Amino acid sequence: MRVLLVKMSSLGDVIHALPAVTDASVKGIRFDWVVEEAFAAIPTLHPGVDNVLPIAWRRWRKNLMADRSELGEFVKNLRSETYDLILDAQGLLKSAAVLMLARGTLKVGFSSNSAKEGAAAAFYNRKIPVATGQHAIDRQRQLFAGALGYELDPAKEIDYQISVEQTPSKTCVLLHGTTWPSKHWPEMMWVELARLAVEAGYRVALPWGDEAERARAERISKASGAEVWDRASLSELVGRLGTAGLAIGVDSGLAHLAAALNVPTLVMYGSTDSALTGCRGPTVVVARANFPCAPCLKRTCGYRGAPQNWQEQIVTPACYSSLDPLSIWQLAQETFDADRVLPV
2 MRVLLVKMSS LGDVIHALPA VTDASVKGIR FDWVVEEAFA AIPTLHPGVD NVLPIAWRRW
62 RKNLMADRSE LGEFVKNLRS ETYDLILDAQ GLLKSAAVLM LARGTLKVGF SSNSAKEGAA
122 AAFYNRKIPV ATGQHAIDRQ RQLFAGALGY ELDPAKEIDY QISVEQTPSK TCVLLHGTTW
182 PSKHWPEMMW VELARLAVEA GYRVALPWGD EAERARAERI SKASGAEVWD RASLSELVGR
242 LGTAGLAIGV DSGLAHLAAA LNVPTLVMYG STDSALTGCR GPTVVVARAN FPCAPCLKRT
302 CGYRGAPQNW QEQIVTPACY SSLDPLSIWQ LAQETFDADR VLPV
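Quick note on this note's numbering: the sequence shown kicks off at 2 and runs consecutively.
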């Protein structure tokens, strides 16, 4: 069976779909995958994916007239194949629109009560009910099994199937970048964590994706002795991150990538709920903020209580006062380094 998978963004969402692709691949199902151009490097790593069709919707939507030739070329490529089944694994109107343009008689997605945007279900001729309130990876696996007609073994350990086969080094990567303001761990804490890692003999690396992240990385580096990585493509980051001995980060796409690459990964959660979208895998440990309003699921911190302090400095977002650098570093060492000796 040849299947077109529509799962466009974000990076974390794309990674959440990989274990479901693994499940289906075991059954002999092959995929082409429509994905945002910025994340196209990830599906190419999975052995169950034959072709990747990059879409630039995030860029095109700013000026459709200027980019209409690129859009036309994408539609031409999309419609050059006829598929046995087209699966919208995103459940949004924009992904349903791609599904409708593709060639194939069977078009499948979440039911209206299960999709992120229930109206998207109107475009499917088979609708799969998947309970909400579950982790995104579990929802993806259930959707694929229901759409493609195989029985899912929920006890089977998830397998992203994108590991980098290289010897890990004694590099600790600090994944300080993220999207929502409420997910950002305070910079002063990143500085202290970097110092602790440097003192423990790690080469500490700081990736970045935009100028704000670059500036923060340089400030952390100056105060701690950490190394700021050069700007890298996602493909290059896969190679660099995949050989790390340890990654510590906040809720972000790169934290999900580290988990998928089987890097020992510690992820800090404050405003977001790790039970729904947290990093998962055999080499992942999650540190949840122990705070009355966490997880608030809010983009910006709305805490109005008494100031929370760390080393006589106010902590914002306040929930991160329960995740101080020394505790995080000790948890990482206790979890990952007890029986591991990594080459320098």
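Built from N, CA and C at the ideal position, the CB exists for glycine as well. What you are looking at is a predicted structure, and each value in this text was computed from that prediction instead of being measured.
(message) According to DSSP, simplified to helix, strand and coil, what is C173?
(response) Per DSSP, reduced to three states, the secondary structure at C173 is strand.
(request) In the DSSP assignment, find the unbroken alpha helix (DSSP H) run with A359 in it and report its ends. (result) Past the edges of the chain, shown from 2 to 345, lies residue 359, and the structure says nothing about it.
(message) Buried or exposed for M190, going by 16 or more other Cβ atoms inside 10 Å?
(response) By the 10 Å Cβ count, M190 comes out buried.
(request) Note down the Cα distance separating A351 from E212, rounded to an integer number of angstroms. (result) Nothing about residue 351 can be reported from this structure: the residues present for the chain run from 2 to 345 only.
(message) Below 8 Å on the Cβ atoms is my contact criterion, and I expect P296 with S272 to pass it. Report the Cβ-Cβ distance as a whole number of Å.
(response) Rounded, the Cβ-Cβ distance is 6 Å, consistent with contact.
(message) My assumption, with CB atoms under 8 Å, is that L176 sits in contact with G250. Please give the rounded CB distance.
(response) Rounded to whole angstroms, the Cβ separation of L176 and G250 is 3 Å, and the two are in contact under 8 Å.
(request) Determine whether the Cβ of H177 lies closer than 7 Å to any Cβ atom of chain B. (result) The structure shown contains no chain B; it is built from a single protein chain.
(request) Determine the burial state of M269: buried for a count of at least 16 other Cβ atoms within 10 Å of its Cβ, exposed for fewer. (result) With 16 or more other Cβ atoms within 10 Å, it is buried.
(request) Taking I30 and M9 to be in contact with their CB atoms under 8 Å, please state how far apart those CB atoms are, rounded to whole angstroms. (result) That pair is no contact at about 20 Å.
(request) Tell me whether P155 counts as near the ligand PLP, meaning its Cβ is closer than 6 Å to at least one heavy atom of that ligand. (result) In terms of ligand content, the structure shown is empty, and the ligand PLP therefore cannot be addressed.
(request) With K128 as the anchor, note down where its beta strand (DSSP E) starts and where it stops. (result) For K128, the uninterrupted beta strand (DSSP E) run begins and ends at 127–129, by DSSP.
(request) Work out the CA separation of H17 and Q91 for me, nearest whole Å. (result) Taking C-alpha positions only, Q91 is separated from H17 by approximately 11 Å.
(request) Grab me the residues of K28's own chain with a C-beta within less than 8 Å of its C-beta, minus the 5 sequence neighbours each way, in chain order. (result) If we look at K28 and ignore the five residues flanking it on each side, its Cβ neighbours are L149, Y151.
(request) Report buried or exposed for L65, applying the criterion of at least 16 other Cβ atoms within 10 angstroms of its Cβ. (result) By the 10 Å Cβ count, L65 comes out exposed.
(message) Here's the rule: buried if 16 or more other CB atoms are within 10 angstroms of the residue's CB, otherwise exposed. What is P182?
(response) Burial is judged here by how many other beta carbons sit within 10 angstroms of a residue's own beta carbon; P182 has fewer than 16 and is exposed.
(request) Please specify which runs of the beta strand (DSSP E), each continuous and at least 3 residues long, are wholly inside the segment 223–299, giving them in chain order. (result) Segments of the beta strand (DSSP E) lying fully in the segment 223–299: 247–251, 266–270, 285–289.
(message) Would Y203 and C173 qualify as a contact pair, given that the criterion is a beta-carbon distance under 7 Å?
(response) The answer is yes: Cβ separation under 7 Å.
(request) Give me the Cα-Cα distance between P344 and L277, rounded to the nearest whole angstrom. (result) With a pLDDT of only 41 at P344, under 50, the local geometry of the prediction cannot be trusted, and the value read off the model is given with reservation. Using only the alpha carbons, I get a separation of about 36 Å.
(message) Suppose the cutoff is 6 Å on Cβ atoms and the five residues either side in sequence are ignored; what does the same chain contact list for A198 look like?
(response) These residues qualify, in order along the chain: C173, V205.
(request) Would you grab the beta carbon distance between R127 and L102 for me? Rounded to a whole angstrom, and I think it's under 8 Å. (result) So it is not a contact: roughly 18 Å between Cβ atoms.
(request) Determine the burial state of P20: buried for a count of at least 16 other Cβ atoms within 10 Å of its Cβ, exposed for fewer. (result) Answer is buried; the Cβ neighbour count reaches 16.
(request) Confirm, please, whether the CB-CB distance from I56 to V35 is below 7 Å. (result) It is a contact, given that the beta carbons lie within the stated cut-off.
(request) On a CA-only basis, which of W61, A132, V99, L100 is nearest N114? Give me that one, please. (result) Among W61, A132, V99, L100, the Cα nearest to that of N114 is on A132.
(request) In the DSSP assignment, find the unbroken beta strand (DSSP E) run with V109 in it and report its ends. (result) 108–111 is the span of the beta strand (DSSP E), which, as asked, contains V109.
(request) Tell me whether Q143 is buried or exposed, calling it buried when 16 or more other Cβ atoms sit within 10 Å of its Cβ. (result) Q143 counts as buried, since no fewer than 16 other beta carbons sit within 10 angstroms of its beta carbon.
(request) Return the first residue and the last residue of the alpha helix (DSSP H) that N78 is part of. (result) For N78, the enclosing alpha helix (DSSP H) starts and ends at 69–79.
(message) Check this for me: beta carbons of V15 and F32, under 7 Å apart or not?
(response) For the pair V15 and F32, the CB atoms are not nearer than the 7 Å cut-off.
(request) Closer than 6 Å by C-beta to V285: which residues in its own chain qualify, once you throw out the five before and the five after it? Chain order, please. (result) By the criterion of a C-beta distance shorter than 6 Å, V285 is surrounded in its chain by A260, T266, once the five residues flanking it on both sides are discounted.
(request) Going by DSSP, name the residue or residues bridged to I56. (result) DSSP, once it has assigned bridges, lists E37 as partnering I56.
(message) Can you look up R142 in the DSSP assignment and give me helix, strand or coil?
(response) Helix at R142.
(message) Measuring only the C-alpha atoms, how far is L153 from T317?
(response) Each residue's alpha carbon lies about 42 Å from the other.
(message) Measuring only the C-alpha atoms, how far is L88 from A98?
(response) L88 and A98: Cα-Cα distance of roughly 12 Å.
(message) On a Cα-Cα basis, can you pick out the residue from Y304, A288, R300, A201 that is closest to C294?
(response) The option with the nearest alpha carbon to C294 is Y304.
(request) Please check the pair P208 and L255, which I expect to be a contact at CB under 8 Å, by giving their CB distance rounded to whole angstroms. (result) Rounded to the nearest angstrom, the Cβ distance from P208 to L255 is 7 Å, consistent with a contact under 8 Å.
(request) Counting only the same chain and skipping the five closest in sequence on each side, list residues whose C-beta sits under 8 Å from that of T244. (result) V165, Q167, T168, P169, S170, T172.
(request) Figure out for me which residue from I43, L107, E37, H47 has the closest Cα to the Cα of A25. (result) Closest option to A25, Cα to Cα, is H47.
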